[in-house]
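Numbering (full-length UniProt numbering), first residue to last: 1 to 353.
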């Protein structure tokens, strides 16, 4: 059971975040980006590329259900052709001697002609269950949420550690509690805030999908979103320990970026890999077992229906095990470096003790 001191430190971290205008702004921006992206993509997908076509009653069946074709029924062929001449529609579909005919001014819309053309019957032995554009969008949303949350909170943790060293606040804290208590409080407090932000974003995203008439997609994304939140929270504890331990090696804010860059790479590289390789089953399978990329890769595989229940358990166990090891090592680094001021402390020196 966690001690009262840990909860006090974590409460201090949460209070500091809630008082930060930068944090509030970044949290709102993240929610607005996700919700705005869903709304805009829905509007664009429902309007872009639609070809307005005037259709007579006897030709209506030929265009019904065609993709990207908006049929405007007319009373006669003459009226349909008149709308073409006036520019109201891009083309007209009429029947001449029982055959379907496309009438246009200078050039018939390629999408319409292609849709009306007779195509051979195609049989797919391994049909894809998801649209590639949708996969990219889901990967992008998961990635942006993961990247922004991890970088935002990770940077705050690192800056907080160095600020406490610069102002000697850490010496006051360590006179009352142990360094491991301070580290635990920082990790728990910031992890709680990260969870709140991720949960809020997930609820807002699902709500936006339902409001825009994409309830089916929302129900499909539900399980993978829940797993994403779970993986992220555990993975964030791992990252939080790394950010705190790395920042404890320096005493100036100017040096923070130098020591936290490797940790940033552990966040950014998986983001870009999942973004560009989300359709590569082999690459996604490998990344779903790597602790730093599994928070993104495994929920994506679950969304695709490619992940078995036992794979989720193994992947989560690997993230947990890695987190325990990293927190243990990070606590050791933080304990030995946080009171050292002046120049940058070498990692090898701290580990050797």
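Where is the CB? At the ideal position from N, CA and C, for every residue including glycine.
Hey, out of the options, whose CA is closest to residue i's CA?
i           : options            : result
residue 332 : 14, 350, 315, 32   : 350
residue 159 : 327, 260, 56, 73   : 260
residue 26  : 102, 14, 151, 95   : 151
residue 280 : 263, 295, 304      : 304
residue 221 : 143, 278, 273, 138 : 138
residue 108 : 90, 312, 100       : 90
residue 78  : 72, 70, 94, 88     : 94
residue 258 : 247, 58, 335, 282  : 247
residue 30  : 199, 226, 299      : 199
residue 338 : 83, 178, 4         : 178
residue 224 : 40, 298, 335, 36   : 298
residue 42  : 217, 169, 343      : 217
residue 272 : 296, 282, 290, 205 : 296
residue 342 : 290, 212, 168, 309 : 168
residue 282 : 306, 267, 214      : 306
residue 170 : 149, 82, 340       : 340
residue 334 : 192, 234, 174, 286 : 174
residue 7   : 192, 36, 32, 149   : 192
Could you spell out where the alpha helix (DSSP H) holding residue i opens and where it closes?
i           : result
residue 93  : Element bounds for residue 93: not the alpha helix (DSSP H) but the beta strand (DSSP E), 91-96.
residue 260 : 256-277
residue 102 : That residue, residue 102, is in no alpha helix (DSSP H); its beta strand (DSSP E) goes 99-103.
residue 285 : 281-287
residue 70  : No alpha helix (DSSP H) holds residue 70; the beta strand (DSSP E) holding it covers 69-74.
residue 308 : Taken as a continuous stretch (DSSP letters only), residue 308 belongs to no alpha helix (DSSP H), as it is neither H nor E.
residue 77  : 77-86
residue 11  : 4-19
residue 108 : Looking at the DSSP string, residue 108 is not in any alpha helix (DSSP H), and its letter there is neither H nor E.
residue 62  : 60-63
residue 347 : 347-352
residue 173 : 169-174
Report back the beta-carbon spacing between residue i and residue j to the nearest angstrom; my notes put them in contact at under 8 Å.
i           : j           : result
residue 92  : residue 53  : 7 Å
residue 165 : residue 244 : With 8 Å as the limit, residue 165 and residue 244 do not qualify as a contact, their Cβ atoms being about 12 Å apart.
residue 69  : residue 88  : About 15 Å separates the two Cβ atoms, so there is no contact after all.
residue 190 : residue 73  : Their Cβ separation, rounded to whole angstroms, is 60 Å, which puts residue 190 and residue 73 out of contact at 8 Å.
residue 292 : residue 262 : Going by Cβ atoms, the distance from residue 292 to residue 262 rounds to 11 Å, so no, they are not a contact pair.
residue 143 : residue 275 : 5 Å
residue 300 : residue 284 : 6 Å
residue 323 : residue 238 : 4 Å
residue 236 : residue 194 : 5 Å
residue 156 : residue 21  : The pair is not a contact, with the Cβ atoms about 13 Å apart (cut-off 8 Å).
With a 10 Å radius around its C-beta and 16 neighbouring C-beta atoms as the bar for buried, classify residue i as buried or exposed.
i           : result
residue 208 : buried
residue 63  : buried
residue 172 : exposed
residue 19  : exposed
residue 154 : buried
residue 57  : exposed
residue 302 : buried
residue 197 : buried
residue 321 : exposed
residue 96  : exposed
residue 28  : exposed
residue 308 : exposed
residue 330 : buried
Could you spell out the range, first to last residue, of the beta strand (DSSP E) harbouring residue i?
i           : result
residue 192 : It is not in any beta strand (DSSP E) - residue 192 instead sits in the alpha helix (DSSP H) that spans 179-211.
residue 55  : 51-56
residue 250 : First-last for residue 250: undefined, no H or E at that position.
Using 8 Å as the threshold, is the C-beta distance between residue i and residue j below it?
i           : j           : result
residue 250 : residue 145 : no
residue 100 : residue 75  : no
residue 294 : residue 311 : no
residue 348 : residue 188 : no
residue 38  : residue 205 : yes
residue 326 : residue 241 : yes
residue 181 : residue 5   : yes
residue 104 : residue 84  : yes
residue 147 : residue 267 : yes
residue 255 : residue 336 : no
residue 80  : residue 102 : no
residue 201 : residue 34  : yes
Let me check you understand the geometry: is the CB of residue i closer than 7 Å to at least one non-hydrogen atom of the ligand ZN?
i           : result
residue 342 : What this structure holds is no ligand at all, so the ligand ZN is not there to describe.
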